[in-house]
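Peer 1: Please read through the structure below; I'll follow up with questions.
Numbering (this note's numbering), first residue to last: 45 to 183.
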């Protein structure tokens, strides 16, 4: 069915819901792997570096956003790998999904973005339009 699933996350509540749905899909087919992808947004990176002051602290902060997601995957004994990309989230996810021939992309309908996201268009809409495989957008 979907042996290779890309799970796009940002640490939001919607990401946790998307994680639950990806786990359900993998458990239904009793096989398959989830690649959890977090994109460190270049637009926010500069502010984050200034706030944390050190690359190691910044990486730790990013990983902490992913702890609840990893914990959920481990509790359900799902096979997964974690990948952190750098760049603009929509384009980075599209490129990664298309370059690695995923069978399905799973992501939350909204993330940690603000009004800017509503004005410019959400990452989930960009991804749904740009990837070559099916996309499951979880509310």
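No residue lacks a Cβ here, since even glycine has one placed at the ideal position from N, Cα and C.
Using CA atoms only, rank isn't needed, just tell me which of 152, 135, 73 and 132 is closest to residue 57.
Peer 2: Residue mapping note: residue 57 aligns to position 13 of the chain shown, counting from 1. The shortest Cα separation from residue 57 among 152, 135, 73 and 132 belongs to 152.
Peer 1: Could you round the C-beta distance between residue 141 and residue 106 to whole angstroms and report it? I think they count as a contact, below 8 Å.
Peer 2: Counting from one through the chain shown, the residue named residue 141 turns up at place 97. Counting from one through the chain shown, the residue named residue 106 turns up at place 62. Going by Cβ atoms, the distance from residue 141 to residue 106 rounds to 20 Å, so no, they are not a contact pair.
Peer 1: If we call anything under 8 Å between Cβ atoms a contact, is residue 77 one with residue 51?
Peer 2: Position 33 of the chain shown holds residue 77. Position 7 of the chain shown holds residue 51. No, the pair does not count as a contact, with Cβ atoms beyond the cut-off.
Peer 1: CA-CA distance, residue 73 and residue 177?
Peer 2: Along the chain shown, read from residue 1 onward, the residue named residue 73 stands at position 29. Along the chain shown, read from residue 1 onward, the residue named residue 177 stands at position 133. Computed Cα separation, rounded: 18 Å.
Peer 1: Please tell me whether residue 136 and residue 126 are closer than 8 Å, where the distance is taken between their beta carbons.
Peer 2: Within the chain shown, the letter at position 92 stands for residue 136. Within the chain shown, the letter at position 82 stands for residue 126. No. Outside cutoff.
Peer 1: Just tell me which of 114, 65, 122 and 139 has its CA closest to the CA of residue 75.
Peer 2: For the purposes of this step, residue 75 is identified with residue 31 of the chain shown, where counting begins at 1. The shortest C-alpha separation from residue 75 is found at 122.
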